[in-house]
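Under UniProt numbering, think of the first position of the sequence shown as 1, with each following residue one higher. Backbone N, C-alpha and C fix where the C-beta goes; we use that ideal spot for every residue, glycine too. Report on the following structure.
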Amino acid sequence: MAVGSMNVEEGTKAFPAKLTFQVFLCCVIAAVGGLMFGYDIGISGGVTSMDTFLLDFFPHVYEKKHRVHENNYCKFDDQLLQLFTSSLYLAGIFASFIASYVSRAFGRKPTIISASIFFFVGAILNLSAQNLGMLIGGRILLGFGIGFGNQTVPLFISEIAPARFRGGLNVMFQFLITIGILGASYVNYLTSTLKNGWRYSLGGAAVPALILLIGSFFIHETPASLIERGKDEKGKQVLRKIRGVEDIELEFNEIKYATEVSTKVKSPFKELFTNRENRPPLVCGTLLQFFQQFTGINVVMFYAPVLFQTMGSGNNASLISTVVTNGVNAIATIISLVMVDLAGRKCLLVEGAIQMTVTQMTIGGILLAHLKLVGPITGHAVPLIVLVLICIYVSGFAWSWGPLGWLVPSEIYPLEVRNAGYFCAVGMNMVCTFIIGQFFLSALCRFRSFLFFFFGVMNIIMGLFVVFYLPETKGVPVEEMAEKRWKTHSRWKKYFKD
Ligand code: BGC
Numbered sequence: 001m002a003v004g005s006m007n008v009e010e011g012t013k014a015f016p017a018k019l020t021f022q023v024f025l026c027c028v029i030a031a032v033g034g035l036m037f038g039y040d041i042g043i044s045g046g047v048t049s050m051d052t053f054l055l056d057f058f059p060h061v062y063e064k065k066h067r068v069h070e071n072n073y074c075k076f077d078d079q080l081l082q083l084f085t086s087s088l089y090l091a092g093i094f095a096s097f098i099a100s101y102v103s104r105a106f107g108r109k110p111t112i113i114s115a116s117i118f119f120f121v122g123a124i125l126n127l128s129a130q131n132l133g134m135l136i137g138g139r140i141l142l143g144f145g146i147g148f149g150n151q152t153v154p155l156f157i158s159e160i161a162p163a164r165f166r167g168g169l170n171v172m173f174q175f176l177i178t179i180g181i182l183g184a185s186y187v188n189y190l191t192s193t194l195k196n197g198w199r200y201s202l203g204g205a206a207v208p209a210l211i212l213l214i215g216s217f218f219i220h221e222t223p224a225s226l227i228e229r230g231k232d233e234k235g236k237q238v239l240r241k242i243r244g245v246e247d248i249e250l251e252f253n254e255i256k257y258a259t260e261v262s263t264k265v266k267s268p269f270k271e272l273f274t275n276r277e278n279r280p281p282l283v284c285g286t287l288l289q290f291f292q293q294f295t296g297i298n299v300v301m302f303y304a305p306v307l308f309q310t311m312g313s314g315n316n317a318s319l320i321s322t323v324v325t326n327g328v329n330a331i332a333t334i335i336s337l338v339m340v341d342l343a344g345r346k347c348l349l350v351e352g353a354i355q356m357t358v359t360q361m362t363i364g365g366i367l368l369a370h371l372k373l374v375g376p377i378t379g380h381a382v383p384l385i386v387l388v389l390i391c392i393y394v395s396g397f398a399w400s401w402g403p404l405g406w407l408v409p410s411e412i413y414p415l416e417v418r419n420a421g422y423f424c425a426v427g428m429n430m431v432c433t434f435i436i437g438q439f440f441l442s443a444l445c446r447f448r449s450f451l452f453f454f455f456g457v458m459n460i461i462m463g464l465f466v467v468f469y470l471p472e473t474k475g476v477p478v479e480e481m482a483e484k485r486w487k488t489h490s491r492w493k494k495y496f497k498d
């Protein structure tokens, strides 16, 4: 079934293609990898603050927690407990490195299937954990699931989608991340009062893994991966099916040419770091993920419940804050689904950076003036204004740096270094998430509202980076990116020979 037809960005070859139901289905199923990632982001914070969980696994933390009083800026934190949460990211970095090879050698589809199996087994291990060893073993397997999934899903979508619809289809990955976060926070709310509630919360991760596992059997391998592994006829067959047209020769030839270059490269990482022509996508792709984390999104998402507690009481305020921020996060991502292929990547990234700068600076200023170390903000006006500002901030992230931090690195590399290059982006995401999770919450405690000014400045820098260094990739077929964008970019063309 064809649900649309394609026009291609000016200056690029028009490959005949329709947005077929097959492509749509493949992208939706693969994007369930995002649901796994989001579920873990949303579930971990809640579980590690459940008393029954602490009593079972971290009794010293439980004791400390009940001795120490939180102030408005210092949510109770413990390096060991944070390390437990972040251990997943350490496993994830290692796993995405391995996945970059697995995906090149065996294809995207088996790598996605492996991701779901790792995540499923990890969830079951956590659900039935009797000791810390089982818990950490489970966490490492979850990290493998996320590493394999995040490394492969956005690349898979970018390769299988027609250029004209690539952005919107890819943003589904981020959309499902936000649904995962929202769903997980609701699960935590339901289980937090149950005896052994943490088991259900952690075990719930098996659900997205199972959906992905079953769904993966219905997706097609990408033509680029098939042709790269010498399966030309199968590649043509899949191309015809997913493009919904008979005339696929032009696109096939372009992929074939890319794979000929690709198969000559024996060591993708060496090629990535030594060939100057790979420098522009390497710098842009990796920095985009660095900047994504330094928008401060995870500090804000963590901090929001504490802040909102000053507006209401206990659980209620936390629930409201979670639903509001996570709900806004999911809804605003839908805007990106539509806009990314119309307005383009750069426009969204710059707009998002401006929106986040203004809101961060204003929140910082308000807190500096009104929020004392302990005790609530008096009156309703200020908390309400801060709530609105946080929603504007989160929506700015959700339609720009959130999805585009994954999309852009997946569409800018030539085939021979695509997996290796994308690993640098995924690895950067995980390293920075680890750093922010491990150290920035303590920094919030020490630097208080000034941290918001720090992130405000970071947002200005990233906006300027996009204006001057990032080419617009909207509508450009992935295999034509070097020719049409990097070689013609005023700041990057010097990296290419004639
Ligand atoms: C980021 C996460 C973040 C989430 C929020 C993702 O793209 O990588 O760190 O928590 O978006 O929606």
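When you compare only the Cα positions, how much space is there between ALA95 and VAL28?
Whole-angstrom Cα-Cα distance: 23 Å.
By a C-beta neighbour count over all protein chains shown, 10 Å radius and 16 as the cutoff for buried, is ASP341 buried or exposed?
Its Cβ being crowded by 16 or more others within 10 Å, ASP341 is buried.
Tell me the start and end of each unbroken alpha helix (DSSP H) in the region 242 to 298 that is at least 4 residues and wholly inside, in chain order.
Fully enclosed alpha helix (DSSP H) runs of 4 or longer: 249 to 264, 268 to 274, 279 to 293.
Any chance the region 113 to 129 sits against the region 201 to 210, with 3 or more Cβ pairs inside 8 Å?
Yes, they touch.
Does the region 187 to 197 touch the region 99 to 117, meaning 3 or more C-beta pairs lie closer than 8 Å?
The region 99 to 117 vs the region 187 to 197: no contact.
Using only the heavy atoms of ligand 1, determine whether one of them is closer than 6 Å to the beta carbon of THR193.
No.
Could you spell out the range, first to last residue, of the beta strand (DSSP E) harbouring LEU19?
Element bounds for LEU19: 18 to 20.
Suppose the cutoff is 8 Å on Cβ atoms and the five residues either side in sequence are ignored; what does the same chain contact list for GLU472 look like?
For GLU472, where only same-chain residues beyond five positions count, the Cβ hits under 8 Å are GLY344, ARG345, LYS346, ARG485.
If TRP198 and VAL417 are in contact, beta carbons under 8 Å, what's the gap, nearest whole angstrom?
Actually they do not touch by this definition, with Cβ atoms about 42 Å apart.
Hey, is ILE41 close to ligand 1, as in C-beta under 6 Å from one of its heavy atoms?
Checking the Cβ of ILE41 against ligand 1 gives yes.
If I measure Cβ to Cβ from SER185 and keep anything under 6 Å in the same chain, skipping five residues before and after, which residues do I get?
Cβ within range, chain order: GLY42, THR322, ASN326.
So, helix, strand or coil for MET50, using DSSP?
MET50 falls in the coil class under three-state DSSP.
Measuring straight from C-alpha to C-alpha, what distance separates VAL153 and THR433?
So the alpha carbons of these two residues sit roughly 19 Å apart.
Below 6 Å CB to CB, which residues in the same chain sit around VAL394 once its five sequence neighbours on both sides are set aside?
Taken in chain order, the residues that qualify are THR325, VAL328, ASN329.
Please report the Cβ distance between ALA353 and MET462, rounded to the nearest whole angstrom; I am assuming they are in contact, meaning their Cβ atoms lie under 8 Å.
Correct: roughly 5 Å between the Cβ atoms.
For TRP406, which of PRO414, ILE392, LEU415, GLY421 has the nearest alpha-carbon?
Out of PRO414, ILE392, LEU415, GLY421, GLY421 has the C-alpha closest to the C-alpha of TRP406.
Between the C-alpha atoms of LEU415 and ARG279, what's the straight-line distance to the nearest angstrom?
When rounded, the distance between both Cα atoms is 15 Å.
Using the rule of at least 16 other Cβ atoms within 10 Å of the residue's Cβ for burial, across every protein chain shown, is PHE21 buried or exposed?
By the 10 Å Cβ count, PHE21 comes out exposed.
Can you give the Cα-Cα distance for GLY402 and GLN174, rounded to whole angstroms?
C-alpha separation (whole angstroms): 7 Å.
Does the Cβ of HIS66 have 16 or more other Cβ atoms within 10 Å, making it buried, or fewer, making it exposed?
Result: exposed.
If we ignore side chains and look at the alpha-carbon of each, how far apart do PHE53 and PHE439 end up?
About 23 Å.
Pick out whichever of ILE117, ASN459, ILE242, ARG243 has its Cα sitting closest to the Cα of GLY215.
Measuring from the Cα of GLY215, the nearest candidate turns out to be ILE117.
Check whether the Cβ atoms of ILE160 and VAL61 lie closer than 7 Å to each other.
No.
Looking only at C-alpha atoms, which of THR274, VAL476, GLY437, MET458 sits nearest to ASP78?
The option with the nearest alpha carbon to ASP78 is GLY437.
Taking C-alpha atoms, which residue in ILE219, LYS493, ALA258, GLY180 lies nearest to SER201?
That would be GLY180, whose Cα lies nearest to the Cα of SER201.
Using a 10 Å radius around the Cβ and a threshold of 16 neighbouring Cβ atoms, would you call THR111 buried or exposed?
Label assigned to THR111: buried.
I need the straight-line Cα distance from ARG276 to SER128, nearest angstrom please.
Their Cα atoms are separated by approximately 50 Å.
By the 10 Å Cβ neighbour count, where 16 or more other Cβ atoms means buried, how is THR259 classified, buried or exposed?
THR259 is buried by the Cβ-count criterion.
Enumerate in chain order the residues of its own chain whose CB-to-CB distance from GLY137 is below 7 Å, with the five nearest sequence positions on each side excluded.
Excluding positions up to five away in sequence, the list reads LEU125.
When you compare the CB positions of PRO281 and ILE412, do they come within less than 7 Å of one another, or not?
Going by C-beta atoms, PRO281 is nearer than 7 Å to ILE412.
If you follow the alpha helix (DSSP H) that ILE412 is in, where does it begin and where does it stop?
It is not in any alpha helix (DSSP H) - ILE412 carries neither H nor E in the DSSP assignment.
Can the beta-carbon of GLY149 be found less than 7 Å from the beta-carbon of LEU337?
Not a contact, by the Cβ cut-off of 7 Å.
Who are the Cβ neighbours of SER87 in its own chain at under 8 Å, not counting the five residues just before and after it?
For SER87, where only same-chain residues beyond five positions count, the Cβ hits under 8 Å are ILE136, ARG139, ILE140, GLY143.
Using the Cβ count rule (16 or more neighbours within 10 Å means buried), how would you classify THR333?
Buried, since its Cβ has 16 or more Cβ neighbours within 10 Å.
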